[in-house]
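First the structure, in the form of structure tokens, and then the observations on it.
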Amino acid sequence: MPKERIDRRAIWRLIQPYWVSEEKWRARGLLLAIVALALGMVYLEVLFNTWNREFYNALETKNYQVFIEQLWRFSYLAFIFIAVAIYRIYLTQSLQMRWRVWMTKQYMARWLDHRAYYRIEQKHAADNPDQRIAEDLNFLTSGTLSLSLGLLSSVVTLLSFIGILWSVSGPISFLLGTQEITIPGYMVWFAIAYAGIGSAIVGLVGWPLIGKNFYQQRFEADFRFGLIRVRENAEAVALYRGEAQEQAQLDSRFQRIRDNWWGIMRTTKTLNLVSTFYSQFANIFPFLMAAPRYFSGAITLGGLMQISSAFGQVQGALSWFITAFSDLAAWKASVNRLAGFHAAVDAVHADIDGVMVTQNNVGAILIDQLRLDLPDGSPLTVTFSADIQAGQRILVAGPSGCGKSTLLRALAGIWPYGSGSMEIPKSWKLLFLPQKSYLPIGTLRAAIAYPASEKTYTDLAIQHYLDLCKLPHLKAQLDQADNWSQRLSPGEQQRVAFVRALLMRPDVLFMDEASSALDTETEDLVYQLLLQDLPEAAMVSVAHRENVAKYHKIRWQFSAGVQASIVTGDEAERKPYAIQCIKAGKSQT
């Protein structure tokens, strides 16, 4: 069984929000209409049950007039039944989509809010969140409606037909030794016993399907993600000649799908064997039980057919668990995964400890007693304080793995691991340029303007900076839609990021190896453009190449600290890093 277990309260927390939301009245109105139609269908089944008795009695007595009347009666009942069934499905699908739309918007907002998507990936708190939002929410809404409405119909059907079956079946008497035993409404007891035994067997046989469906959805999502990774990194895979390795990894992921699917098939085969035998035998079971009274003359043919029809309705209602078990198993697996994802997002939003990022009106970024840790809690840096003032040019340098990029993540508010606080001016606009620029799929104009709207900047402004950043060949492609992260080279992508920075004109520009793919001449060009066009903006650069040092007046140098800690696993000693602030020939730790 999967480790992501949930209780009834967790299920209610997933289902309840929509029904108390701003759409509650429309949702409740649709649900009431659907329930009314479902109850109408049960009532029509009751009328059909009565029709069975009248129609077959007419056949038995060869009453032609009643026979014709019952045919007309069946015609209009069937017409009404078809109309009710169609609109029940139509309104159910409408409610399902409305519910799914609302849930998807809520979950996407929660996933993106407070950068929960980033934290979940860091901690591996929930696998494949895309699949949980896209597919599991669909299972939740469609499965909850179909299963709950099916259960409601079964309960109402049971209440409607159990009295009919009790009255028409009558008592049965038999000798047990020398004592005569009489069972009133005996067909009701036979129906309960038949459905009870069948449900118990199906539950025992089919229970493993819940865990297997849970893992099947995970394995399918993992395999799909692997295929997407190959597509997104097609050039790198081709250059490395990595097809054999990718084939092996994809085969391994697909093998898990195949193995788990065979397990589902074996369980489903046994489940189908039990449920098919159960449903087929149910067709003749009421005739076997009612035959003695029919052949004794206690009931007519119409009465026999009414008993058969009523028994089928009662037995079908009592067998809801059997007929819905496969859907119930798939729904339960999806709900388990969705509840796990919901808990992971809630944990991110509730985790307020660590590095605090707030706003101020001082006119400078203030870093106070900041210590950066790794996600496992081990220290990355010693405690330090610093500030970033308007117009400052700061180079962050040090060996790989010392925490330079992590410092920028903390300033961006996406790295909470550690202690201390940072204050950022409320009116300042910050822009972070990572080493690998993000270019959304769409038009080139939208990719350059990101995260602003594609209409934010004029074509003249975009073309001006494309020329300055040595990208004149892209000016004619602004309206062309493409996957630009695959279309453009790493150097072109970094220059597009600089075009974005020059257009946005931030108050502080953070660059994490943002020019690493550029040659020295182009790197000098873009830095000179930044100094020329953004003279008032602060600039913080993480770089290994000393070529960019000449464009900065302050150096934050990461160096090995004096405190020591032991890294578990490889038993290697690692020391937290300290930061030296070097300015005008002086240094300050």
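For the sequence shown, our numbering gives the first residue as 1233, with consecutive numbering after it.
By construction, the Cβ of each residue, glycine as well, lies at the ideal position given by its N, Cα and C atoms.
Note that the coordinates shown come from a computational prediction; the quantities given were computed from them, not determined experimentally.
From the options, residue whose alpha carbon lies closest to that of residue i
{"i": "V1333", "options": "I1433, D1756 and D1368", "result": "D1368"}
{"i": "I1352", "options": "G1438, A1582, A1268 and S1717", "result": "A1582"}
{"i": "S1637", "options": "F1790, G1652 and L1264", "result": "F1790"}
{"i": "M1521", "options": "A1549, Y1418 and I1620", "result": "Y1418"}
{"i": "S1669", "options": "L1720, D1714 and H1696", "result": "L1720"}
{"i": "L1606", "options": "A1642, V1580 and A1575", "result": "A1642"}
{"i": "L1703", "options": "E1686, L1663 and R1732", "result": "R1732"}
{"i": "I1243", "options": "L1710, A1618 and F1573", "result": "F1573"}
{"i": "T1532", "options": "Y1288, G1272, T1282 and E1277", "result": "Y1288"}
{"i": "G1438", "options": "N1360, M1771 and V1506", "result": "V1506"}
{"i": "S1773", "options": "S1747, L1757 and D1362", "result": "S1747"}
{"i": "T1293", "options": "G1534, A1268, I1365 and P1249", "result": "G1534"}
{"i": "I1496", "options": "A1523, L1550 and Y1447", "result": "Y1447"}
{"i": "A1822", "options": "A1596, G1635 and N1504", "result": "With the chain covering 1233 to 1821 only, the question about residue 1822 has no answer from this structure."}
{"i": "L1639", "options": "N1715, L1757 and F1664", "result": "F1664"}
Outcome for residue i when other beta-carbon atoms lying within 10 angstroms are tallied against a minimum of 16
{"i": "P1611", "result": "buried"}
{"i": "W1251", "result": "exposed"}
{"i": "A1470", "result": "exposed"}
{"i": "G1633", "result": "exposed"}
{"i": "I1266", "result": "buried"}
{"i": "K1444", "result": "buried"}
{"i": "I1599", "result": "buried"}
{"i": "K1658", "result": "exposed"}
{"i": "V1587", "result": "buried"}
{"i": "G1261", "result": "exposed"}
{"i": "E1254", "result": "exposed"}
{"i": "Q1449", "result": "buried"}
{"i": "I1460", "result": "exposed"}
{"i": "E1768", "result": "exposed"}
{"i": "P1361", "result": "buried"}
{"i": "A1571", "result": "buried"}
{"i": "Q1363", "result": "buried"}
{"i": "Q1325", "result": "exposed"}
{"i": "E1286", "result": "buried"}
Whole-number beta carbon distance between residue j and residue i, since they are thought to touch under 8 Å
{"i": "F1451", "j": "N1492", "result": "6 Å"}
{"i": "T1389", "j": "Q1545", "result": "5 Å"}
{"i": "V1728", "j": "I1656", "result": "Their Cβ separation, rounded to whole angstroms, is 26 Å, which puts V1728 and I1656 out of contact at 8 Å."}
{"i": "V1780", "j": "L1627", "result": "7 Å"}
{"i": "Q1667", "j": "E1753", "result": "With a Cβ gap of about 20 Å, Q1667 and E1753 do not count as contacting."}
{"i": "L1384", "j": "A1270", "result": "6 Å"}
{"i": "I1365", "j": "W1343", "result": "7 Å"}
{"i": "A1775", "j": "G1623", "result": "Wrong, their Cβ atoms sit about 19 Å apart, outside the cutoff."}
{"i": "S1386", "j": "A1549", "result": "4 Å"}
{"i": "Q1328", "j": "L1377", "result": "5 Å"}
For residue i, the residue or residues it bridges with in DSSP
{"i": "V1774", "result": "V1628 and D1744"}
{"i": "M1588", "result": "S1653"}
{"i": "I1460", "result": "Paired residue(s): none; I1460 is not in a bridge."}
{"i": "I1620", "result": "I1597"}
{"i": "D1345", "result": "According to DSSP, which records beta bridges pairwise, D1345 is partnered with nothing at all."}
{"i": "I1496", "result": "Paired residue(s): none; I1496 is not in a bridge."}
{"i": "L1665", "result": "M1743"}
{"i": "D1714", "result": "G1674"}
{"i": "P1611", "result": "D1605"}
Residue i versus residue j - alpha carbon distance
{"i": "V1420", "j": "F1553", "result": "18 Å"}
{"i": "Q1795", "j": "H1356", "result": "With a pLDDT of 38 at Q1795, under the threshold of 50, the modelled position of that residue is not reliable, and no figure is offered here."}
{"i": "P1440", "j": "I1247", "result": "25 Å"}
{"i": "Y1510", "j": "I1442", "result": "22 Å"}
{"i": "T1590", "j": "G1645", "result": "9 Å"}
{"i": "T1688", "j": "L1761", "result": "21 Å"}
{"i": "A1341", "j": "V1614", "result": "35 Å"}
{"i": "L1309", "j": "F1280", "result": "8 Å"}
{"i": "N1284", "j": "A1514", "result": "18 Å"}
{"i": "F1313", "j": "Y1322", "result": "14 Å"}
{"i": "F1299", "j": "L1536", "result": "17 Å"}
{"i": "S1540", "j": "T1555", "result": "19 Å"}
{"i": "Q1820", "j": "E1724", "result": "With a pLDDT of only 43 at Q1820, under the threshold of 50, the placement of this residue in the model should not be trusted; the figure read from the coordinates follows. Those two C-alpha atoms are separated by around 38 Å."}
{"i": "G1428", "j": "R1241", "result": "27 Å"}
{"i": "S1484", "j": "S1558", "result": "27 Å"}
{"i": "W1257", "j": "D1578", "result": "27 Å"}
{"i": "A1562", "j": "L1397", "result": "34 Å"}
{"i": "P1738", "j": "Y1697", "result": "16 Å"}
{"i": "V1799", "j": "I1489", "result": "Legend: pLDDT at V1799 = 29, less than 50; position of this residue unreliable, value from coordinates given subsequently. Their backbone Cα atoms lie some 36 Å apart in a straight line."}
{"i": "L1602", "j": "Y1472", "result": "41 Å"}
{"i": "W1788", "j": "P1683", "result": "29 Å"}
{"i": "A1358", "j": "L1706", "result": "40 Å"}
{"i": "L1604", "j": "D1345", "result": "23 Å"}
{"i": "Y1349", "j": "G1474", "result": "29 Å"}
{"i": "D1711", "j": "T1675", "result": "5 Å"}
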